[in-house]
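To convert a position in the sequence shown, counted from 1, into this note's numbering, add 4. We put the CB at the ideal spot given by N, CA and C, even for glycine. What you are looking at is a predicted structure, and each value in this text was computed from that prediction instead of being measured. The next block holds one structure in the form of structure tokens; read it before the comments.
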Amino acid sequence: MSEIRAFDIAVVGGGFGGAAVAYHLARLRPSASIVVFEPRDFLGGGLAYDDADPAHRINVPATRMSLIPGDDGHFARWLEATGAGRDDPDIIGRDGFLYPRRAVFGRYGASHLDPLIRAGRVTHIKARVQSLDRAHGQWSISTGSGAPFRARITVLATTHPAPEAPPVLAQAGADPRIVGDTLAPDALTGISPDAQVVILGTGLTMADVVASLDRQGHTGPIIAVSRRGLRSRGHATSAAEPFGDFTDPAPPASQFLRKIRQTLHEANALGLSWHSVIDAVRGQAQVFWGKLSPRDQSRIVKHLRVYWDVHRFRIAPQVEDVLNRRTASGSLRVLAASLVAVKPDARHIDVVVRRRGQQTLETIAADRVIVTTGPAHHKILSTQPYLAALSAAGRITADHLGLGIAVDADSRALDAQGTPGDGTLLVAGPLARARFGELMGLPQVSEHALRVAEEVSHLLETSGVAARDALEVN
Ligand SMILES: Cc1cc2nc3c(=O)[nH]c(=O)nc-3n(C[C@H](O)[C@H](O)[C@H](O)COP(=O)(O)OP(=O)(O)OC[C@H]3O[C@@H](n4cnc5c(N)ncnc54)[C@H](O)[C@@H]3O)c2cc1C
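Have a look at this one:
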């Protein structure tokens, strides 16, 4: 019989967020034993940065993507020191900033975790967690093979589930011409250069798909469809400081929105672009979000999220250039329309849409249909057996905004009674964003990882690990 392996802390998910928690914990608590469960080959990449497609770039400048909160230049210095990205002739955007390929950022994350793994400070178990139960005052973690692992504290960081296909697509059954998950291996291979492609969704993933198709020589027509037809925006042509003070939002939500609009006018009058105002809102979101009532938060998410997402999450200039070129040549059209029906036949998939504000239907004869509607966070608890079981046991609950998992101000998961239980189950990264507001972009994910690591460190302090650390330091 194999032996049970016991750790102080288990992190489930070793994308950038989970890896950053492990990294900070290893520094804060040198003698703590840390295990990270991650089926990928390395820690620190995850869905976003374990990505071999050279057309995919980080979407904020390198100088704002850092593993170390407060040290914005950390990644840029790593690029300089290692020469990573020197083989990339297009690494510099037209705004003068570096936008390396996403894989390079993944290597940066891994290069900080690998030494900890080699030193035995962090254990990487290359497997998916299948179940997570509380037994004998500890967490029991199973990967489906071998004896379970035990941990005193567990951090959940399995952020992004696969996208959910629009229900209408069920009409096409399992048609191989429909790509349901663009991040699955070889998702875009075999698309002929002149294929007419319909993309469902017009945000960041749509931009990535167009860049990938373009790079692989596709020149045929692409029609991207979403209800409002809003495309992710690019970065400002020149850098500017955030503009506006939103730290004290006056309820109700409508007042707050008026304040944002007014600040946009003021910025415009001063010759500043809207980017500065949105950057101020984003930077202060974690301060003001908690001051809004759950009702106001819900109204903002419901009515504003779609506009927020396209202004807040910007595309790299290199990718924007591809989109602009294809739009100018007429080979990319973005439609504001809803999907009415999908009818596959031997030659095409007929995609029937209704343009926004119109009654007539339009049929597009697509060779391929690609879903880019984004990860199905609103269904997170049913996307994985281990989360479904935790939810059924009442140990975790969906948050009130349908964005992820309910947590308290210390990022401890709230149980069915709305309490953190014994406080030993935490959530790191975007799944906790209903509590903190803006928590999706890398800068916020990085800051949150440090806060979670500090909270875990604090929890350990009451149980002997701090004393071990003190002995080691002496
Ligand atoms: C495609 C994409 C590109 C992005 N690009 C940028 C960008 O350029 N700049 C920016 O600021 N933000 C970007 N983001 C935002 C992104 O959310 C954060 O930057 C950050 O990467 C989130 O990391 P994470 O570790 O929380 O999540 P994830 O990357 O989703 O990592 C979760 C990890 O959990 C693992 N996992 C899942 N289930 C299990 C299980 N049962 N057991 C064990 N492991 C499991 C997965 O394999 C995965 O590696 C991007 C997001 C996406 C989806």
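In the three-state reduction of the DSSP assignment, Gly238 falls in the strand class. At least one heavy atom of ligand 1 lies closer than 8 Å to the C-beta of Leu51. Within the stretch 8 to 94, the runs of beta strand (DSSP E) at least 3 residues long that lie entirely inside it are, in chain order, 9 to 16 and 38 to 41. Annotated three-state conformation of Phe260 is helix, per DSSP. In this structure, ligand 1 has a non-hydrogen atom nearer than 8 Å to the beta-carbon of Ile62. Contact annotation: Ser37 and Ile62 have beta-carbon atoms that are not nearer than 9 Å. Scanning the stretch 397 to 448 from its first residue to its last, the whole alpha helix (DSSP H) runs of 4-plus residues come out as 437 to 440. In terms of Cβ geometry, Phe20 and Thr67 do not form a close pair [threshold 9 Å]. About 5 Å separates the beta carbon of Asp212 from that of His60, a gap short enough to meet the 8 Å contact definition.
Taken through DSSP and simplified to helix, strand or coil, Leu274 comes out as coil. Judged by DSSP in its simplified three-state form, Ser115 adopts helix.
In the DSSP assignment, the residues bridged to Pro167 are Pro379. For Asp137, no alpha helix (DSSP H) run applies; the uninterrupted beta strand (DSSP E) run containing it begins and ends at Ser135 to Ala139, by DSSP.
Ser395 sits in a helix when the DSSP states are folded into three classes. Closer than 8 Å to some heavy atom of ligand 1: that describes the Cβ of Tyr390.
Between Ser70 and the set Asp55, Leu51 and Tyr27, the nearest pair of CA atoms involves Tyr27. For Leu268, the secondary structure class from DSSP, reduced to helix, strand or coil, is helix. The secondary-structure analysis by DSSP pairs Thr158 across a beta bridge with Ala14 and Leu429. In this structure, Val375 lies away from Val357, with their beta-carbon atoms at least 9 Å apart. For Gln322, the CB stays at least 8 Å from every heavy atom of ligand 1. Residue pairing of Ser280 in beta bridges, as defined by DSSP: absent, with no partner found. Of the heavy atoms belonging to ligand 1, at least one sits nearer than 8 Å to the Cβ of Leu446. Separation of the CB atoms of Val229 and Leu339 is rounded to 5 Å, and the pair is thereby assigned contact status at 8 Å.
Within 8 Å of the C-beta of Asp185 there is not a single heavy atom belonging to ligand 1. Check the Cα spacing between His140 and each of Val323, Asp426, Ser216 and Glu458: the tightest is with Asp426. As the crow flies, the alpha-carbon of Gly48 is around 10 Å from that of Ala107. Ala453 and Pro65 have their C-alpha atoms spaced approximately 20 Å apart.
The Cβ atoms of Leu217 and Leu192 lie closer than 9 Å to each other. Three or more pairs of CB atoms, one per stretch, sit closer than 8 Å, so the stretch 233 to 243 contacts the stretch 306 to 314. A check of alpha carbon separations from Pro152 across Ser333, Phe41 and Ser386 identifies Phe41 as the nearest. In the DSSP assignment, Val202 falls within the beta strand (DSSP E) that extends over Val201 to Leu204. Val285 has its Cβ no nearer than 8 Å to any heavy atom of ligand 1. By the C-beta criterion, the stretch 169 to 176 is judged not to be in contact with the stretch 435 to 447, since fewer than 3 inter-stretch pairs fall below 8 Å.
When the beta-carbon positions are compared, Leu160 and Val16 come within less than 9 Å of each other.
When the Cα atoms are used, Asp75 and Asp300 turn out to be separated by approximately 34 Å. The continuous beta strand (DSSP E) containing Ile368 extends over residues Leu365 to Ala370.
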